[in-house]
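In terms of the working numbering, the sequence shown opens at residue -15 and continues consecutively. From the three backbone atoms N, C-alpha and C, an ideal C-beta is built for every residue, glycine too. Please read these numbers as outputs of a predicted model, since none were measured by experiment.
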Amino acid sequence: MKSFSILPLLFLALTMCTSKKTKEQRPNVLFILADDFGYHDLSVMGSRYYETPNMDRIAIEGTIFTNGYATCQVCSPSRASILSGRFPARHGITDWIGAPEGEAWRKAGRFNLLLPPEYVHALPHAYTTLPEAMKEAGYLTFFAGKWHLGTKGSWPEDHGFDINKGGWDVGSPRGGYFAPWENPNLESGPDGENLSMRLAKETIDFISENRDTSFFAFLSFYAVHGPIQTTREKWDKYRQKAEDLGIAESGFEMGHFLPIRQVQDNPVYAGLVEAMDDAVGEVLKTLDELGLAENTIVVFTSDNGGVAAGDAFATSNLPLRAGKGYQFEGGIREPYFIKVPGIEGGGTCDIPVTGTDFYPTLLELTGNQLKPEEHVDGMSLVPLLQGESIPERPLIWHYPHYGNQGGEPSGVIRLGKWKLIHYYEDGREELYNLKNDLEENYNVAVNNPELVQQLSEKLFAMLHEMGARFPVRDPEYSAEKEQEYLEQVIHKRWPQLEKQRMDFLSKDFDPENMWWGSMVTRD
């Protein structure tokens, strides 16, 4: 772990004595959650293509956790983990809510070996969530944006948020990123209004109206989930930038089930990223102008890796392998920044941390009592923020599904530098030394049989303790049909993706007036 430069943590000492404090003296919390945003989708994390000065600012003024993880490679499970402090195997939401389960998976036409198990379809009400814990401590709680943790009756206002702007059943922006959109909890703005900026404005209004109280604001962008959309000006900017950087002849390589994007040069996606960054900038500016920045903790993270395959095939996470939906680092390692008043920015920490850790960390940072019976799979990161250490512990992932992006049903455990992947189809196991092989190119399982056995036993002991559900073999499985499907992907889908990539980069690209927001005319 790199060293930290730390200012006196006076406010932390003050917040430990909650009985002597008023609500107004406690630090506020702004939690920013991006959707499908990859580890290298920011300038500060190494992208030469995307421009993200405002999100970069959070990292630069805060602590970058270089081994920060989501608890799942898809959205709903990891979001539930942030709010509950529990791993997906424990809370039971193991796939994005709405994904087919059991025999319904056959309708996907993938002809896979396994049928995925049933999963929980809403955040359980039995849990005391992070926002509920903050409410108990006297905080006003606010939510804006993507929820995707249950239907009506299990919306943000049903799990501890006083105000809900835009959170409902679905995980993608119905109607797109420009008004009019379809959202029962967010009135559509004037034609062409940008959804990310609207969510920022709702957050700004909340902060401005409640500047004199302690607040917990959760800004959960729909961006950068598909459908990817931008304005003509941003598309043109990033089309030219891709040309200036040099356009690769090909952009994809074949993975196990789908082609995986290898380059960051999608100008539509880049414009969508910049629009989200613009929105973040407006919220940060408001904190500055209101004099709240010096008393507001800011968190920035994502719910899973960038979409390199499936969905919009929008970005590349290299050198991390694969992306959203995958068991590899590109699917689960995330931007993970925490900015705390009193801690000088610029620090980095390489200790593995995960989404369940936000719950106890934010409780401790705000001087509130921890709830170990709730955030059972989380650990407070305050010692790491102070430049100290925490006990080494295993982190696990359980994704008994195939999903839309091409990942395989698997369980994963990381302990120290070692990462073991167990594949549910055939029981094979891969072992990677992430210290020496971040790209996961070299499976060293055969050279470390005892370590493989130890990690595998630990993984399954934890999964069984949590009540994990596992996939079963499909009695109708046909290897011939699966191979026919894969041949179609290789010979038809892959060339289509390469053509689409070059179309997006063509000076003559014409979306037929469908994607440009304010330029769209409507009766």
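{"Asked": "Inspect the CB distances between the region 142 to 159 and the region 217 to 237 and report whether three or more fall short of 8 Å.", "Found": "no"}
{"Asked": "State the Cα-Cα distance for the pair D25 and P100, rounded to the nearest angstrom.", "Found": "31 Å"}
{"Asked": "Give the straight-line distance between the Cα atoms of I48 and G331, rounded to the nearest whole angstrom.", "Found": "6 Å"}
{"Asked": "For Q480, count the other beta carbons within 10 Å of its own beta carbon; 16 or more makes it buried, fewer makes it exposed. Which is it?", "Found": "exposed"}
{"Asked": "Tell me whether L365 is buried or exposed, calling it buried when 16 or more other Cβ atoms sit within 10 Å of its Cβ.", "Found": "buried"}
{"Asked": "Excluding the five sequence neighbours on either side, which residues of its own chain have a C-beta within less than 6 Å of the C-beta of A54, listed in chain order?", "Found": "S62, D287, N288, I316, E318 and G339"}
{"Asked": "Compare the Cα-Cα distances from Y34 to each of L179, R223, L203 and D175 and report the closest residue.", "Found": "R223"}
{"Asked": "Starting from the Cα of D115, find the closest Cα among T350, E466 and E217 and give me that residue.", "Found": "One detail in the question is off: residue 115 reads as Pro in this sequence, not Asp. Comparing Cα positions, the closest option is T350."}
{"Asked": "Nearest-angstrom Cα distance between H132 and T197?", "Found": "29 Å"}
{"Asked": "Does DSSP classify S192 as helix, strand or coil?", "Found": "helix"}
{"Asked": "Quickly, what does DSSP pair P243 with across the bridge? List them, please.", "Found": "M238"}
{"Asked": "Would I322 and L203 qualify as a contact pair, given that the criterion is a beta-carbon distance under 9 Å?", "Found": "no"}
{"Asked": "Classify L99 as helix, strand or coil using the three-state DSSP reduction.", "Found": "strand"}
{"Asked": "Using 9 Å as the threshold, is the C-beta distance between P157 and H209 below it?", "Found": "yes"}
{"Asked": "Among all the DSSP beta bridges, which residues are the ones paired with E413?", "Found": "H406"}
{"Asked": "Go ahead and label H240 buried or exposed: buried means 16 or more other beta carbons lie within 10 angstroms of its beta carbon, across all protein chains shown.", "Found": "exposed"}
{"Asked": "Near N167, what residues of its chain come up, given a Cβ to Cβ distance below 6 Å and the 5 sequence neighbours on each side ignored?", "Found": "G150"}
{"Asked": "Could you tell me whether the region 368 to 381 touches the region 406 to 423, using the rule of 3 or more Cβ pairs below 8 Å?", "Found": "no"}
{"Asked": "Taking the straight line between their C-alpha atoms, what separation do you get for K465 and H475?", "Found": "15 Å"}
{"Asked": "Apart from the five residues on each side of it in sequence, which residues of its chain come closer than 7 Å, Cβ to Cβ, to S138?", "Found": "A106 and L107"}
{"Asked": "Give the straight-line distance between the Cα atoms of E423 and E193, rounded to the nearest whole angstrom.", "Found": "47 Å"}
{"Asked": "Using the Cβ count rule (16 or more neighbours within 10 Å means buried), how would you classify N336?", "Found": "Checking the displayed sequence, the identity of residue 336 turns out to be Pro instead of Asn. Burial call: buried."}
{"Asked": "Using a Cβ distance threshold of 8 Å, determine whether the region 263 to 273 contacts the region 307 to 316, with at least three qualifying pairs required.", "Found": "no"}
{"Asked": "What's the gap between the Cα of A163 and the Cα of R195?", "Found": "29 Å"}
{"Asked": "Below 8 Å on the Cβ atoms is my guess for N301 versus G290; work out the distance and round it to an integer in Å.", "Found": "5 Å"}
{"Asked": "What are the partner residues of W165, as DSSP defines its beta bridges?", "Found": "Its beta-bridge partners do not exist; DSSP assigns none."}
{"Asked": "Is the beta carbon of T285 closer than 9 Å to that of Y253?", "Found": "no"}
{"Asked": "Given that a residue counts as buried once 16 or more other Cβ atoms are within 10 Å of its Cβ, and exposed if not, what is S180?", "Found": "buried"}
{"Asked": "Thinking C-beta only, is A201 closer than 9 Å to N250?", "Found": "no"}
{"Asked": "Pick helix, strand or coil for V58, following the three-state DSSP scheme.", "Found": "coil"}
{"Asked": "Assuming K401 contacts N417 under a Cβ cut-off of 8 Å, what Cβ separation, rounded to an integer in Å, is found between them?", "Found": "6 Å"}
{"Asked": "What residue range is occupied by the uninterrupted beta strand (DSSP E) comprising R398?", "Found": "S394 to L399"}
{"Asked": "Cα-Cα, which of I191, H406 and F127 is closest to D146?", "Found": "F127"}
{"Asked": "Could I get the ranges of all uninterrupted alpha helix (DSSP H) runs contained in the region 242 to 325, with 4 residues as the minimum, in chain order?", "Found": "251 to 273 and 313 to 316"}
{"Asked": "Which of helix, strand or coil does DSSP assign to R377?", "Found": "coil"}
{"Asked": "Entirely within the region 96 to 184 and at least 4 residues each: give me those alpha helix (DSSP H) ranges in chain order.", "Found": "114 to 120"}
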